[in-house]
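Q: Chains as they are written, first to last, in the working numbering: chain A, 49 to 300; chain B, 601 to 857.
By construction, the Cβ of each residue, glycine as well, lies at the ideal position given by its N, Cα and C atoms.
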Amino acid sequence: MEKTYRTRRGDLVRAVEDVTLDIAENEFVTLVGPSGCGKSTLLKLVAGLTPVTGGTIHVRDTVVRDPFPDVGIVFQHPVLLPWRSVLDNVLFSADMLGLDPKGYRARALELLALSGLAGFETRLPRELSGGMQQRVAICRALLPDPSLLLMDEPFGALDAMTREELGLELLRIWEARRKTILFVTHSIPEAILLADKVVVMTPRPGRLARVITIDLPRPRTVELEFDAKFKAYSDEVRGLIFASRRTRGDGR
Amino acid sequence: MAGSLRSLSKHVVPAATLAVAIVVWELACRVLHIPKFIMPAPSQIAAETWEWRYRFIGHSWVTLYETLGGFALSIVVGVPLATLIVYSPWMRRALYPLIVLLQAVPKIAVAPVLLLVIGYGETSKVIVAFLVAFFPIVVDTATGLAATPPELLELSRSYRASAFKTFVKVRFPMALPFFFSGLKVAITLAVIGAVVGEFIGSDKGLGYVILSSTSYWKTELAFASMILLSLIAVLLFGAVCLVERFVCPWLAPAAEE
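1) Give me the Cα-Cα distance between A/Asp298 and A/Ile105, rounded to the nearest whole angstrom.
2) Could you give the first and the last residue of the continuous alpha helix (DSSP H) run that contains A/Asp200?
3) In this structure, how does DSSP classify B/Ala747 when only helix, strand and coil are distinguished?
4) Once you ignore the five residues that flank A/Arg258 on each side, which residues in its own chain have a CB closer than 7 Å to its CB?
5) Return no unless some Cβ of chain A is closer than 8 Å to the Cβ of B/Phe841.
6) So, are the CB atoms of B/Arg692 and A/Pro115 less than 8 Å apart?
7) Which of the three DSSP states, helix, strand or coil, is assigned to A/Lys245?
8) A/Gly84 by DSSP, collapsed to three states: which one?
9) Give the interface partners of A/Leu97 over in chain B, defined as CB-CB distance under 7 Å, in chain order.
10) Residues of chain A with CB under 7 Å from B/Glu751, in chain order?
11) Against chain A, with Cβ distances strictly below 8 Å, would B/Pro706 count as a contact?
12) Taking 8 Å as the CB-CB cut-off, is B/Pro614 touching chain A?
13) From the DSSP output, which residues share a beta bridge with A/Ile260?
14) Out of A/Gly120, A/Gly103, A/Glu223 and A/Glu175, which has the shortest C-alpha to C-alpha gap to A/Glu75?
15) Going by the DSSP bridge assignment, what does A/Ile229 pair with across the sheet?
16) Closer than 9 Å, Cβ to Cβ, to anything on chain B: give me those residues from the segment 144-167 of chain A, in chain order.
17) Determine, for B/Trp850, whether the minimum Cβ-Cβ distance to residues of chain A falls below 8 Å.
18) Roughly how many angstroms separate the alpha carbons of B/Leu668 and A/Thr101, rounded to a whole number?
19) Using a C-beta to C-beta distance shorter than 8 Å, which residues of chain A count as neighbours of B/Pro689?
20) Using 8 Å as the threshold, is the segment 163-171 of chain A in touch with the segment 126-141 of chain A, meaning 3 or more CB pairs across them?
21) Do B/Leu811 and B/Ala775 count as a contact pair if the criterion is CB distance below 8 Å?
22) Between B/Val770 and chain A, is any beta-carbon pair separated by less than 8 Å?
23) Would you kindly work out how many angstroms separate the C-alpha atoms of B/Phe637 and B/Glu648, rounded to a whole number?
24) Could you tell me which residues DSSP puts in a beta bridge with A/Met110?
25) Just how far apart, CA to CA, sit B/Glu798 and B/Lys725?
26) Taking just the CA atoms, how far does A/Phe290 sit from A/Asp148?
27) Taking only beta-carbon positions, decide if B/Ala747 is within less than 8 Å of chain A.
28) Residues of the segment 777-789 of chain B with a CB closer than 7 Å to any CB of chain A: list them in chain order, please.
29) If you check the beta carbons only, do A/Ile260 and A/Asp244 fall under 8 Å apart?
30) According to DSSP, which residues form a beta bridge with A/Val5?
31) Reducing DSSP to helix, strand and coil, say where B/Gly669 ends up.
32) Give a yes or no on whether the minimum CB-CB distance between A/Tyr141 and chain B is below 8 Å.
33) For the alpha helix (DSSP H) that B/Thr766 lies in, which residues bound it at each end?
34) When you compare each of A/Trp131, A/Ala189 and A/Arg174 to A/Leu159 by their alpha carbons, which one comes out closest?
35) Within a Cβ cutoff of 8 Å, which residues of the same chain sit near A/Leu97, ignoring the five residues on either side of it in sequence?
36) Which residues in the same chain have their Cβ closer than 8 Å to the Cβ of A/Trp131, if we skip the five residues on either side of it in sequence?
Following this line, the structure appears as structure tokens:
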């Protein structure tokens, strides 16, 4: 598939070019690459929020043209509704989908408990830390039990420690209830630690550099980061990203 | 101890300053023998206000409901207008320059013409108050509606929620803080609008009292009217703040831990 934007001045900008990617059901795939490589654009294309200008996107057997309800999205910022309690923020997704929020209450409470937010149900978002707010946003996305979860740098605004903690928590939730996750990140260790498959992208226009299958045992732990295999994957990804920078530099 | 002292000084200091100012004013009038029609002393203003108390209630009431009428009208017209401007690029192009142009026209200059056209009754004052008050409501509400985080709009779109549902559940509540800051500016402007309308031509209201009492050299009545007008403006402003706290409790400062 490809995506070309027309800027306000009328110039054409290729955001994503010639990307072919197969993702298996219930696979955890991370997209990693420098800024401007079209990672976020790719997510929007998969969500059906922006139309592709070339090629097609299939989810299961259907071609994606418009937004479809079987998807959950988590952004870099939690974007909770400040007037809704934590519980009502989780129920927001069911509400917007036109489902009866009452029927989802039990599941919402269960999700909140699973993310360590039991006891915070009636709090307002502003009473929560950034990490807790992002947990609420993840619960909101998981509530209707979508088979596809799109995450756009969901831990990018958090400090390193909270980031690691939330990553492992996400893995725990995912292992308990598998779904397909497409996860965009800037962080190479995060990309490797979470994924079955790491997709390395290079910028302007966004292309696939390589798809690396991560063969590390699950459940994953932070200790894995000291593993020689982990180090090798990390070097491979880093090498690909820096190689693309070097060739771009030479081309000028 | 230190805390209670601080809260004491928070209220006592401004009250004391006001009291000192009134005493100085009173003394200056008496010691310098300033004629009543040039600068009445606070005691003279108070005495005259008491004398006129029933008539003042009537005049205050007229100005109050002209103000509230203009204010209500500016909400009823301003919010849909702001919504149109934000949702339709066409409407934005068509309406925005007109609204700005209307704002640029000095309303005090328009008022005489308006009264000529609409008549000298209360309706014309409501219209003047509306004209003065509606601009901040339109601009602030439009700014608020346009400030919805794009992620929330994408989220709503991905859940295939209708535009109306997104407006009611996300965009409008998100714009409420902006809407209320528009209302706070508008309510005090509406008071000014009503008084300007009364200045041009009327037979009741506090603006009328100011105009007629000064032509009879009854300056203390004019001062009393001004104080009442300020009181009305402050009370209405306070009322808007109160409604805001009730409608948007999540904006209240977080309780200290």
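A: Answer, in terms of the structure:
1) In this prediction, A/Asp298 scores a pLDDT of 44, lower than 50, which makes its location untrustworthy; the coordinate-derived value is nonetheless stated afterwards. Spanning the two alpha carbons is a distance of roughly 34 Å.
2) Careful: A/Asp200 lies outside any alpha helix (DSSP H), inside the beta strand (DSSP E) at Leu196 to Asp200.
3) Coil at B/Ala747, not helix or strand.
4) Non-local beta-carbon contacts of A/Arg258 in its own chain, meaning distances under 7 Å to residues more than five positions away in sequence, involve Val248 and Leu288 in chain order.
5) Phe is not the amino acid found at residue 841 of chain B; the sequence shown has Cys there. Look at B/Cys841: its C-beta is not under 8 Å from any C-beta on chain A.
6) no
7) strand
8) coil
9) Glu754, Arg757 and Ser758
10) Under the 7 Å cutoff, chain A gives Phe123, His125 and Val127.
11) no
12) no
13) A/Val246
14) For A/Glu75, the nearest C-alpha among the options comes from A/Glu223.
15) A/Phe76 and A/Leu197
16) Cβ contacts with chain B: Met144, Leu145 and Gly146.
17) yes
18) 54 Å
19) The contacting residues do not exist; B/Pro689 stays about 13 Å from chain A at best.
20) The way I'd put it, the segment 163-171 of chain A does touch the segment 126-141 of chain A; three or more beta-carbon pairs between them come closer than 8 Å.
21) Going by beta carbons, B/Ala775 and B/Leu811 fall outside the 8 Å limit.
22) Yes - at least one Cβ of chain A is within 8 Å of the one on B/Val770.
23) 13 Å
24) According to the sequence displayed, residue 110 of chain A carries Thr and not Met. A/Thr110 pairs with A/Val107.
25) About 7 Å.
26) In a straight line, the C-alpha of A/Asp148 is about 50 Å away from that of A/Phe290.
27) no
28) none
29) no
30) This structure gives no information on residue 5 of chain A, because the portion of chain A shown stretches from 49 to 300.
31) helix
32) As written in the sequence, residue 141 of chain A is Ser, which differs from the Tyr given in the question. Chain B contact via Cβ: present.
33) Ala763 to Thr766
34) A/Ala189
35) Pro115
36) Leu172
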